[in-house]
Amino acid sequence: MSNGGITDASRGRTRAERVTEGLTVVMASALAFALLAGPALVFGTATWHLVTDTGTTAFSRAAVPVIFLALTTAPFALARLVFRSGRRRGRDRLTAATPAALTLLAGSVVPLAALWLIFAYAD
Numbered sequence: 002m003s004n005g006g007i008t009d010a011s012r013g014r015t016r017a018e019r020v021t022e023g024l025t026v027v028m029a030s031a032l033a034f035a036l037l038a039g040p041a042l043v044f045g046t047a048t049w050h051l052v053t054d055t056g057t058t059a060f061s062r063a064a065v066p067v068i069f070l071a072l073t074t075a076p077f078a079l080a081r082l083v084f085r086s087g088r089r090r091g092r093d094r095l096t097a098a099t100p101a102a103l104t105l106l107a108g109s110v111v112p113l114a115a116l117w118l119i120f121a122y123a124d
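Under the numbering used here, the residues of the sequence shown are numbered 2 to 124, in order.
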């Protein structure tokens, strides 16, 4: 309350801008989770079958879960780095979260594209 009389409107950010920014974060995050749900389900099921199937090598039993975890957690790690970078520059939380949410959205397209390529070129 003791911010010296400075309000959000005097800093140049209106309520509509904050609401628009918040909706961008929410929609990008929801779409990113939806994009990651399909590949996570398919890769998770394939991982389970490869790990529990007889006749698979020890390398594939170890490599498949690692690749699965890397594909599904990489967008979250990248978004965290972008968010922390924005916070270090002195931005507000919501202002720093918008590029992070868009990075999460862009990063979640990579596992989906990998899944499409696997389906397209699988024999």
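C-beta atoms are modelled at their ideal positions from N, C-alpha and C, and glycine is treated no differently.
query: Which residues mark the beginning and the end of the alpha helix (DSSP H) in which Gly56 is found?
result: Translated into positions along the sequence shown, residue 56 becomes position 55. Note, Gly56: premise wrong, no alpha helix (DSSP H); not H, not E.
With a cut-off of 8 Å on the beta carbons, I'd call Phe69 and Gly45 a contact; round off their distance for me.
-> Looking up residue 69 in the sequence shown gives position 68. Looking up residue 45 in the sequence shown gives position 44. 7 Å between Cβ atoms; contact.
- Using the rule of at least 16 other Cβ atoms within 10 Å of the residue's Cβ for burial, across every protein chain shown, is Asp9 buried or exposed? Residue mapping note: residue 9 aligns to position 8 of the sequence shown, counting from 1. In this prediction, Asp9 scores a pLDDT of 46, lower than 50, which makes its location untrustworthy; the coordinate-derived value is nonetheless stated afterwards. By the neighbour-count criterion, in which 16 or more other beta carbons inside 10 Å mark a residue as buried, Asp9 falls on the exposed side.
* So, are the CB atoms of Pro112 and Leu32 less than 9 Å apart? -> For the purposes of this step, residue 112 is identified with residue 111 of the sequence shown, where counting begins at 1. For the purposes of this step, residue 32 is identified with residue 31 of the sequence shown, where counting begins at 1. A distance of 9 Å or more separates the beta carbons of Pro112 and Leu32.
Problem - Collapsed DSSP secondary structure at Ala80 in the structure displayed - result: One-based indexing of the sequence shown puts residue 80 at position 79. Three-state DSSP puts Ala80 in a helix.
I need the DSSP call for Ala123, collapsed to helix, strand or coil. Working through the sequence shown from its first residue, we reach residue 123 at position 122. Of the three classes helix, strand and coil, the one that applies to Ala123 here is coil, per DSSP.
In angstroms with no decimal places, state the Cα-to-Cα distance between Pro66 and Leu72. Your numbering for residue 66 matches position 65 in the sequence shown. Your numbering for residue 72 matches position 71 in the sequence shown. Pro66 and Leu72: Cα-Cα distance of roughly 10 Å.
*Proximal residues to Ala17 (C-beta, below 8 Å), its chain only, five neighbours per side dropped*: Taking the first residue of the sequence shown as position 1, residue 17 is located at position 16. If we look at Ala17 and ignore the five residues flanking it on each side, it has no Cβ neighbours.
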